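Novice: I have a structure here, written as structure tokens, and I will follow up with some questions on it.
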Amino acid sequence: MLILAAIIATFSLLQREARARVLTSWSVPGVRLFCYAMAAPFAAILLSEGWHGNIVMNTLDSPSRFLMAIPIFLALQTRRIRIAPWSSLTFGLGGLGAAAVVVFAPFDWGSGRIGSTFLNPIHFGDIACVLAVLSLVSIDWFQRDALAIRIFKVCGALCAAYASLAGGSRGGWVAVPAVVLLLAALGMRDRAWWQKLAAVVCASAVIAIPFVFSPTVQSRFGELQADIHSLERGQEDTSVGVRLQLWKAGGILFSDHPVLGLGALGYKKAMSPLTQEDVLTPLAAELGRGESHNQLIAYAVDYGTPGLLAILLLYAGPAFTLWRQLHAPSRERRHAALMGLVYILSFFIFGLTVETFTLKLTAAIYSTVLAVLAGLAMSRSEGGSSAAHSSTYE
Numbered sequence: 001m002l003i004l005a006a007i008i009a010t011f012s013l014l015q016r017e018a019r020a021r022v023l024t025s026w027s028v029p030g031v032r033l034f035c036y037a038m039a040a041p042f043a044a045i046l047l048s049e050g051w052h053g054n055i056v057m058n059t060l061d062s063p064s065r066f067l068m069a070i071p072i073f074l075a076l077q078t079r080r081i082r083i084a085p086w087s088s089l090t091f092g093l094g095g096l097g098a099a100a101v102v103v104f105a106p107f108d109w110g111s112g113r114i115g116s117t118f119l120n121p122i123h124f125g126d127i128a129c130v131l132a133v134l135s136l137v138s139i140d141w142f143q144r145d146a147l148a149i150r151i152f153k154v155c156g157a158l159c160a161a162y163a164s165l166a167g168g169s170r171g172g173w174v175a176v177p178a179v180v181l182l183l184a185a186l187g188m189r190d191r192a193w194w195q196k197l198a199a200v201v202c203a204s205a206v207i208a209i210p211f212v213f214s215p216t217v218q219s220r221f222g223e224l225q226a227d228i229h230s231l232e233r234g235q236e237d238t239s240v241g242v243r244l245q246l247w248k249a250g251g252i253l254f255s256d257h258p259v260l261g262l263g264a265l266g267y268k269k270a271m272s273p274l275t276q277e278d279v280l281t282p283l284a285a286e287l288g289r290g291e292s293h294n295q296l297i298a299y300a301v302d303y304g305t306p307g308l309l310a311i312l313l314l315y316a317g318p319a320f321t322l323w324r325q326l327h328a329p330s331r332e333r334r335h336a337a338l339m340g341l342v343y344i345l346s347f348f349i350f351g352l353t354v355e356t357f358t359l360k361l362t363a364a365i366y367s368t369v370l371a372v373l374a375g376l377a378m379s380r381s382e383g384g385s386s387a388a389h390s391s392t393y394e
């Protein structure tokens, strides 16, 4: 779907009028920054792997999805768009779809953690978690929603939350408090301090409900406590202990090869030597051959400083672009910008405990949704002007 959308967007940009609009919008710093950010991972990987003389094509699969987001973003950003009000139901529908997978097509990945046949429970739970949040944030996106629409979006959020609980992904749940603080700081920036505080308290109460009533949440965080206690007794082969070992190994490898990294699959190839040096236990090394469990470390070790800067720019570049649109003249653009910031923050936190973009599917989901939200946040609204002519960037 992303590939098809990118092809259609590219052809639309080849038209004479579209080319002129792109050239005009290119003068906007936020437009350039977004495009550079989405191209940075591909460029960093080519640079590192080219230097090492070993270009591995499948390592370019996920970064190519980031590249495909650029024409989609430009096509949306440069056109005068009238958005259909029903499109704000998208995230609620996504939540219903996630719950449908859990109910009608569950796939048990072990220990009762449910995902799908195409996504493990970590990624499945993380994506369901962000769908739940976005379904709620999308309330009153284009206009004041009717009661039925609000109920639908809340139900979509509850369904997505149910799917996230079934996945048992603690990394996704950890993102929720950070998102609440972001919404209080930016989404309610014109409200009094006591209103922000009240919103945070209410949200905290809602977040606390699963800890009290959900056996799944209680079990998962009980396992976390047990892992920490085991680690204190010197037992490193736990979920937490293995991650700490892998992150420590990543720090060592990056400090030894900071310029252009180890090259393609360098982190995975280093597992055996690190086991022999007693940096990793055999179990940690075995799991490390799968992934480093941290997106920043993965890019830093394999692609060096350019890789680390590229992955940071992938988050920070679009975030800065969207942050500037929080003061856009239209409600639709401001709301799209806020939703985009929530989306980026969520994926950044997800990436602290798992390699979010190892899978092409998760990279495609991130790229597609981000390109659409950023494109809408900077688009030319009906009767208004584009970001290229807005005072936002003056």
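Okay, so the sequence shown: first residue is 1 according to full-length UniProt numbering, each after it adds one.
All C-beta atoms, glycine included, are put in the ideal place defined by N, C-alpha and C.
What you are looking at is a predicted structure, and each value in this text was computed from that prediction instead of being measured.
Can you give me the Cβ contacts of Arg40 inside the same chain, cut-off strictly under 7 Å, excluding the 5 residues immediately before and after it?
Specialist: It is worth fixing the name first, because residue 40 is Ala in this sequence and not Arg. Here the set comprises Ala310, Leu313 and Leu314.
Novice: If the criterion is Cβ atoms closer than 8 Å, does the pair Pro85 and Gln143 meet it?
Specialist: Yes.
Novice: I need the boundaries of the alpha helix (DSSP H) containing Met38, first residue and last residue.
Specialist: Taken as a continuous stretch (DSSP letters only), the alpha helix (DSSP H) holding Met38 covers Pro29 to His52.
Novice: Note the first and the last residue of the continuous alpha helix (DSSP H) segment covering Ser116.
Specialist: Ser116 -> no alpha helix (DSSP H), and no H or E assigned at all.
Novice: Could you name the residues of the same chain whose beta carbon sits closer than 7 Å to that of Arg113, not counting the 5 residues immediately before and after it, in chain order?
Specialist: Here the set comprises Pro121, Gly167 and Gly168.
Novice: What I want to know is whether the C-beta of Asp237 ends up closer than 7 Å to one or more non-hydrogen atoms of the ligand COA.
Specialist: Among the ligands in the structure shown, none appear at all, so the ligand COA cannot be discussed.
Novice: Taking 8 Å as the cut-off, decide whether the C-beta atoms of Ser379 and Leu60 are in contact.
Specialist: The answer is no: Cβ separation not under 8 Å.
Novice: Near Arg170, which residues of its chain fall below 6 Å by C-beta distance, leaving aside the five closest residues on each side in sequence?
Specialist: Around Arg170: Arg220.
Novice: Name, in chain order, the residues that DSSP records as bridge partners for Phe107.
Specialist: According to DSSP, which records beta bridges pairwise, Phe107 is partnered with Gly115.
Novice: For Thr10, name the three-state secondary structure that DSSP assigns.
Specialist: Of the three classes helix, strand and coil, the one that applies to Thr10 here is helix, per DSSP.
Novice: Under 8 Å by Cβ, that's how I've got Phe91 and Leu134 pegged, so tell me the actual separation to the nearest angstrom.
Specialist: With a Cβ gap of about 4 Å, Phe91 and Leu134 count as contacting.
Novice: Just to confirm my understanding: we take Ile55, look at its own chain, exclude 5 residues before and 5 after, and list those with CB closer than 8 Å. What are they?
Specialist: Excluding positions up to five away in sequence, the list reads Leu46, Glu49 and Ala264.
Novice: Could you tell me if Lys153 is buried or exposed, where buried requires 16 or more neighbouring beta carbons within 10 angstroms of its beta carbon?
Specialist: Result: buried.
Novice: So, are the CB atoms of Ala371 and Ala43 less than 8 Å apart?
Specialist: Result no, Cβ atoms of Ala371 and Ala43 do not sit closer than 8 Å.
Novice: Which class does Arg80 belong to by DSSP, given the choice of helix, strand or coil?
Specialist: In this structure, Arg80 counts as strand in the three-state DSSP scheme.
Novice: With a threshold of 7 Å on Cβ separation, who are the neighbours of Ala18 within its own chain once the five nearest residues in sequence on each side are excluded?
Specialist: Excluding positions up to five away in sequence, the list reads Ser12 and Thr78.
Novice: Measure from the alpha carbon of Phe107 to the alpha carbon of each residue in Thr117, Thr305, Ala98 and Ala99, then state which is nearest.
Specialist: The residue with the shortest Cα to Cα distance from Phe107 is Thr117.
Novice: Taking Gly351 and Ala374 to be in contact with their CB atoms under 8 Å, please state how far apart those CB atoms are, rounded to whole angstroms.
Specialist: Not really, about 19 Å apart at Cβ, beyond 8 Å.
Novice: Excluding sequence positions up to five away, which residues of its chain have a Cβ less than 7 Å from the Cβ of Val174?
Specialist: The answer, listed in chain order, is Ile349.
Novice: Is it the case that the Cβ atoms of Gly241 and Val301 are separated by a distance below 8 Å?
Specialist: Cβ atoms of Gly241 and Val301: not closer than 8 Å.
Novice: With DSSP as the reference, label Arg144 as helix, strand or coil.
Specialist: In the structure shown, Arg144 sits in coil (DSSP, three-state: anything other than H, G, I, E or B).
Novice: Within this structure, are the beta carbons of Ala37 and Pro318 separated by less than 8 Å?
Specialist: Yes, the Cβ-Cβ distance between Ala37 and Pro318 is below 8 Å.
Novice: Which stretch, first to last residue, makes up the alpha helix (DSSP H) that contains Asp227?
Specialist: Its alpha helix (DSSP H) spans residues Pro215 to Glu232.
Novice: With DSSP collapsed to three states, give me the class of Gly241.
Specialist: Looking at Gly241 - three-state DSSP - the assignment turns out to be helix.
Novice: At which residue ranges does the segment 290-348 contain complete alpha helix (DSSP H) runs of 4 or more residues, listed in the order of the chain?
Specialist: DSSP runs (the alpha helix (DSSP H)) wholly in the segment 290-348: 295-324.
Novice: Since Ala100 contacts Leu131 with CB under 8 Å, what's their CB separation in whole angstroms?
Specialist: Not confirmed; about 12 Å, so no contact.
Novice: Looking at the unbroken alpha helix (DSSP H) that takes in Pro85, where does it start and where does it end?
Specialist: It is not in any alpha helix (DSSP H) - Pro85 carries neither H nor E in the DSSP assignment.
Novice: For Phe211, I'd like the list of residues in its chain whose CB is within less than 8 Å of its CB, leaving aside the five on either flank, ordered along the chain.
Specialist: Only Val217, Gln218 and Phe221 meet the Cβ criterion.
Novice: I want to know whether the segment 319-335 touches the segment 271-288 - three or more CB-CB distances under 8 Å.
Specialist: Segments in contact, no.
Novice: Helix, strand or coil for Pro258? Go by DSSP, reduced to three states.
Specialist: Coil at Pro258, not helix or strand.
Novice: Would you decide whether Ser27 is buried or exposed? Buried here means 16 or more other CB atoms lie within 10 Å of its CB.
Specialist: Per the 10 Å Cβ criterion, exposed.
Novice: Taking Cβ to Cβ, would you say Pro71 is nearer than 8 Å to Ala20?
Specialist: No, Cβ-Cβ distance for Pro71 and Ala20 is not below 8 Å.
Novice: Could you spell out the range, first to last residue, of the alpha helix (DSSP H) harbouring Gln276?
Specialist: Met271 to Gln276 is the extent of the alpha helix (DSSP H) around Gln276.
Novice: Count the other C-beta atoms from every protein chain shown that fall within 10 angstroms of the C-beta of Gly383, then say buried if there are 16 or more, exposed otherwise.
Specialist: For Gly383, the pLDDT reaches just 38, beneath the cut-off of 50, and the residue's location in the model is therefore unreliable, although a value from the coordinates is still provided. Exposed, since its Cβ has fewer than 16 Cβ neighbours within 10 Å.
Novice: Could you pull out every residue in the same chain whose Cβ sits closer than 6 Å to the Cβ of Glu355, ignoring the five residues on either side in sequence?
Specialist: Once the five neighbours on either side are set aside, the close Cβ partners of Glu355 are Glu291, Gln295 and Ala298.
Novice: On the CB-based measure, 16 or more other CB atoms within 10 Å of its CB, does Asp190 come out buried or exposed?
Specialist: Answer is exposed; the Cβ neighbour count stays below 16.
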